[in-house]
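Asks: I'd like to ask you about the structure that follows.
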Amino acid sequence: MGSFTNTKLITDLKKAINNHELVLHYQPQFNLHTSSFDGVEALLRWQHPKKGLVQPNEFIRFAEETDLIIHIGEWVLRTACQQYILWRNKGLKPIRIAVNVAEKQFRQENFVNHIAEMIQEYDLNPHYLELEILENIIIHKDDKKMTNTIQQLKQLGVLITLDDFCTRSMKVDYLTSIPIDRIKIDKEVIKNLCAHEEAARVRAIIEMAQHLNIQVLAEGVESREQLHLLSSQHCDMVQGFYFSEPLSGEKIEQFFLSL
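14 is the number of the first residue of the sequence shown in our numbering; add one for each residue after it.
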């Protein structure tokens, strides 16, 4: 796939929103305690008319430099909620759906009210909506406004996850003051899980989370060996190509119906 120039990418991305070229795929999440799939992560893709299916790492960072990320984030949230309702109306069991939230989107003054309105509009059980926030936003920008936003979201009943968790220093005092439900271990850490050093670090993260009553989800699980190690370390949930690649809304529906 040919690379974008920044200007051309932003221009095409603006068109993509209006031309309905953005799509969501869903990757199932497996609960190691219940041995069942009980959630999905909504993953953004761009169905470019000339370049085909474009992965988010090729365009999201440019969108984050502009207000486009707010519009894209709004679309992702709304589309995920609509998909949840479609699944519910077709008789699927309740499925927790995790949505990534960009910093600019999260810091909007009306963000909490917007989430509350969406919950009401789609008649959602808020416990099945999970918002993922990058760990480095919290750890490097510890401020009262962000903490208050998280607390207000928790009051709505929404689940909050710290994404790409890979703190090497293990200085995680901030976790005691923020009502986090889950931490998601970065897939780059899981990729090297079978190395002794990384296995010890993952074990330390899981033990720390258990002490704080925070669940742990490991993403990027691709092998039986990784799964076995995570299970033996009492990780709560896993996600990755070992179980399934990200699937379209229709295919993930078939996936859950076939279980």
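Virtual Cβ for every residue (Gly too), placed ideally from N, Cα, C.
Going by other Cβ atoms of all chains shown within 10 Å of its Cβ, with 16 needed for buried, is G86 buried or exposed?
Replies: G86 is buried by the Cβ-count criterion.
Asks: Whose CA, out of Q164, P192, Q239 and I163, lies closest to the CA of I198?
Replies: That would be Q239, whose Cα lies nearest to the Cα of I198.
Asks: Judging by CA-CA distance, which residue of K106, L45 and L66 is the nearest neighbour of S271?
Replies: The residue with the shortest Cα to Cα distance from S271 is K106.
Asks: DSSP beta-bridge partners for N44?
Replies: BP columns for N44 point to S49 and M250.
Asks: Taking the CB atoms as reference points, tell me whether L169 and A129 lie closer together than 8 angstroms.
Replies: Contact flag set, yes.
Asks: Just to confirm my understanding: we take P259, look at its own chain, exclude 5 residues before and 5 after, and list those with CB closer than 7 angstroms. What are they?
Replies: Once the five neighbours on either side are set aside, the close Cβ partners of P259 are H38, Y39, Q40 and L56.
Asks: Whose CA, out of K21, N44 and Q96, lies closest to the CA of F72?
Replies: It is K21 whose Cα lies nearest to the Cα of F72.
Asks: Taking the alpha-carbon of A222 as reference, which of C179, Q267 and S257 has the nearest alpha-carbon?
Replies: Closest by alpha carbon: C179.
Asks: Under 8 angstroms, do V215 and V234 count as touching if we go by C-beta distance?
Replies: Going by C-beta atoms, V215 is not nearer than 8 angstroms to V234.
Asks: Under the rule that 16 or more other beta-carbon atoms within 10 Å means buried, what is M183, buried or exposed?
Replies: In this prediction, M183 has a pLDDT of 49, which is less than 50 and means its spatial position is unreliable; what the coordinates show is noted afterwards. That one is exposed.
Asks: For the putative contact between A93 and I110, defined by C-beta atoms under 8 angstroms, what is the C-beta separation to the nearest angstrom?
Replies: Rounded, the Cβ-Cβ distance is 5 angstroms, consistent with contact.
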